[in-house]
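As structure tokens, the structure follows; a few thoughts come after it.
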Amino acid sequence: MAPANPSIRLAIVDDHRMLLGALTEWIRQAADDIDMVAAVASWPELLAHPSFPVDVVLLDLDLKDNIPVSLKIQTLKSTGVRVVLMSTYSEPNVVREALNAGALGYLVKSEDAGMIVEAIRAARQGESFISTELDLALHASDGGGSPRLSAQERRVMALYGAGEPVKSVAYQLGISEETAKSYLKRIREKYRIANIDVGTKVALRKQAISDGILVDSPSGVSPV
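If you want the numbering used here, it's the 1-based position in the sequence shown plus 998.
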């Protein structure tokens, strides 16, 4: 019988070999549920790797091979692989193009290891995860309103807004307390850029209710 929670088979593609080595080591140290099966410097190397296809590919957007990223994403999707893109920085229209092509995650390379791991886990579940800086750029170009939150950010906001302490939020979601704190920091930063103050727990709860993340009922608030 297969294990209930098999390891996530991951491949990384990045033509900066020092960064490739560092990313590989960071992820190995940060997560025991991720099996690093390939770390290659080019797109052809990925496709030719004996362990391909994998579950998730962490793909450098800036590979200098003149192959459209949309074609890469479509190729990976056709083999059942989920894609998380990473870049030093990209314009909002580039991010939208990648997401429209089917990428589930989008990270800046300065993201800490915990967030990279969460993006990989989210992709495995078919959920989106976008780096805070890029998400804020998208939000600004879209003309305001409440920011978009990833599925995991919504879960964190719902539990915390419902009154759970950070330690309990982390336990219920199967993440570390530090990662839960990082999520709260990301959530508050997104709302801050949108000119919405959720600096206190009360304010965050009210906003979660307003945005439909929490339901306010006679029996108390509860996650949607």
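Ideal Cβ placement from N, Cα and C applies to all residues, glycine included. Bear in mind the structure is a predicted one, so any value in this text is a computation, not a measurement.
Query raised in the report: Grouping DSSP H, G and I as helix and E and B as strand, with all else coil, what is S1217?
Result: Here residue 1217 refers to the residue found at position 219 when the sequence shown is read from its first residue. In this predicted model, S1217 has a pLDDT of only 48, less than 50, meaning its place in the structure is not dependable; the value taken from the coordinates is given anyway. It is coil, neither helix nor strand.
**Report entry** Sequence-distant residues of the same chain with beta carbon closer than 8 Å to V1054, five excluded per side
**Finding:** To locate residue 1054, count along the sequence shown from 1; it is residue 56. Within the same chain, V1054 has close Cβ partners I1006, R1007, L1008, A1009, V1079, R1080, V1081, V1082, I1118, A1121 and R1122.
Query - Of the residues Y1181, V1154 and L1182, the one placed nearest Q1170, counting alpha carbons only - result: Mapped onto the sequence shown, residue 1170 falls at position 172. Residue V1154 is the option with its Cα nearest to Q1170.
**Report entry** Entirely enclosed beta strand (DSSP E) segments - the stretch 1043-1073, minimum 3 residues
**Finding:** 1054-1058
Query raised in the report: Going by other Cβ atoms of all chains shown within 10 Å of its Cβ, with 16 needed for buried, is V1200 buried or exposed?
Result: Mapped onto the sequence shown, residue 1200 falls at position 202. Classification for V1200: exposed.
Report task. Starting from the C-beta of D1195, find all residues in its chain whose C-beta is less than 6 Å away, skip the five residues before and the five after it, and write them out in chain order. Result -> Position 197 of the sequence shown holds residue 1195. A1201.
Requested in this report: Locate the beta strand (DSSP E) running through S1085, then write down its first and last residues.
Outcome: Numbered from 1 along the sequence shown, position 87 holds the residue referred to as residue 1085. Counting along the chain, the beta strand (DSSP E) containing S1085 begins and ends at R1080 to S1085.
**Report entry** Neighbour-count burial assignment, V1177, 16 or more Cβ in a 10 Å radius
**Finding:** Position 179 of the sequence shown, counting from 1, holds the residue named residue 1177. For the sequence presented, residue 1177 should be read as Thr rather than Val. The residue is buried, with at least 16 neighbouring Cβ atoms inside 10 Å.
Query raised in the report: Which one of S1126, A1111 and E1109 has the shortest CA to CA distance from A1101?
Result: Position 103 of the sequence shown, counted from the start, is the residue given in the question as residue 1101. It is S1126.
Query raised in the report: Quick one: what does DSSP say R1015 is sitting in, helix, strand or coil?
Result: To locate residue 1015, count along the sequence shown from 1; it is residue 17. Note: R1015 maps to helix in three-state DSSP.
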